[in-house]
Amino acid sequence: MSEAFREYETRLEPARRRFAARGTLETVLAPGTDAALLELFLIHFCSLGVGMTEPVEGWIRRAGERCEGMGLTDLGRSLQQHAAHEGGHHMMMIEDTRKLVARWNARRRPLLDAEALLGQPLSPGVVGYRKLHEDVIGGPAPFGQLAIEFEIENLSVVHGAPFLQRCAGRLGADVLGGLSFLEEHVALDVGHTKFNAREMDRLLQAHPDFLDPLAAAGTAALEAYAEFLADCLAVARDGREQRA
15 MSEAFREYET
25 RLEPARRRFA
35 ARGTLETVLA
45 PGTDAALLEL
55 FLIHFCSLGV
65 GMTEPVEGWI
75 RRAGERCEGM
85 GLTDLGRSLQ
95 QHAAHEGGHH
105 MMMIEDTRKL
115 VARWNARRRP
125 LLDAEALLGQ
135 PLSPGVVGYR
145 KLHEDVIGGP
155 APFGQLAIEF
165 EIENLSVVHG
175 APFLQRCAGR
185 LGADVLGGLS
195 FLEEHVALDV
205 GHTKFNAREM
215 DRLLQAHPDF
225 LDPLAAAGTA
235 ALEAYAEFLA
245 DCLAVARDGR
255 EQRA
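Everything in the sequence shown is counted per the numbering used here, starting at 15 for the first residue and increasing by one.
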């Protein structure tokens, strides 16, 4: 590991601590939290999450093309190859939404409409997350996409498995049938995170001056994802109040 990559890790520690301190996941999983709120959170995580995941393949591919165009040939080609692995993942979130809504409708009221939820406008957090990607890819440091992917996929590695276990403990193991996107990414993102770490280390060894834009992109990614989770909780709370 290069000194520059160690410095990247050091710089991201405050942002990672801030993400954890937001406490959205802890709130919905707290023992005193109504199980219906957790269910609604999961439903909105999946339905709003379609807007977070559908563009991913295109983002990574375009970032790779831009990197290749600015002379970062190896990184550009690696990103374009990696992009193919992200294609169609939003379809899992669509199916998860439908399964979770069907599970809800079999047990709770009011009845929910999965297609209406999937057609709802993008939340502010989703809009901000998409804007971040577009700004990075279209800006002077498209290689920042690598830091975005590293931080977001690392969330699955750090938080994913415990979150799934606690959801199953609160709601029953059958809820995992509607969390296929999360389950798959908990498994896949270990490898993806290692890939991104190797690519960032290699990039920073060759270009230590890229540290600032990489750290800025990684920090912004965590902030944007925290806003998305906060949106999911806010919409879930609104739904619980309507249920009451």
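Beta carbons: idealized from backbone N, C-alpha and C, even for Gly.
Can you tell me the Cα-Cα spacing of residue i and residue j, whole angstroms?
i: L243; j: T38; result: 7 Å
i: V140; j: R20; result: 30 Å
i: L178; j: G90; result: 34 Å
i: H199; j: R112; result: 19 Å
i: L247; j: G142; result: 17 Å
i: R75; j: G46; result: 44 Å
i: D245; j: L93; result: 30 Å
i: T41; j: A120; result: 25 Å
i: M105; j: R31; result: 31 Å
i: D215; j: D48; result: 44 Å
i: P138; j: A240; result: 12 Å
Are residue i and residue j close, meaning C-beta to C-beta below 8 Å?
i: L136; j: V115; result: no
i: P227; j: A155; result: yes
i: A97; j: G78; result: yes
i: L51; j: A250; result: yes
i: A29; j: L218; result: no
i: A161; j: G72; result: no
i: F224; j: F157; result: yes
i: R25; j: A229; result: yes
i: C60; j: D110; result: yes
i: Q159; j: I151; result: yes
i: L169; j: A238; result: no
Please classify residue i: does DSSP put it in a helix, a strand, or coil?
i: F157; result: coil
i: L54; result: helix
i: H96; result: helix
i: E68; result: coil
i: L86; result: coil
i: L62; result: helix
i: T47; result: coil
i: H104; result: helix
i: H221; result: coil
i: Q179; result: helix
i: R123; result: coil
i: M214; result: helix
Classify residue i: buried if its beta carbon has 16 or more other beta carbons within 10 angstroms, exposed otherwise.
i: G65; result: buried
i: D252; result: exposed
i: E255; result: exposed
i: L125; result: exposed
i: T87; result: exposed
i: A201; result: exposed
Please find out if some non-hydrogen atom of the ligand HEM comes closer than 7 Å to the beta-carbon of residue i.
i: V64; result: In the structure shown, the ligand HEM is absent, as is every other ligand, since no ligand is present at all.
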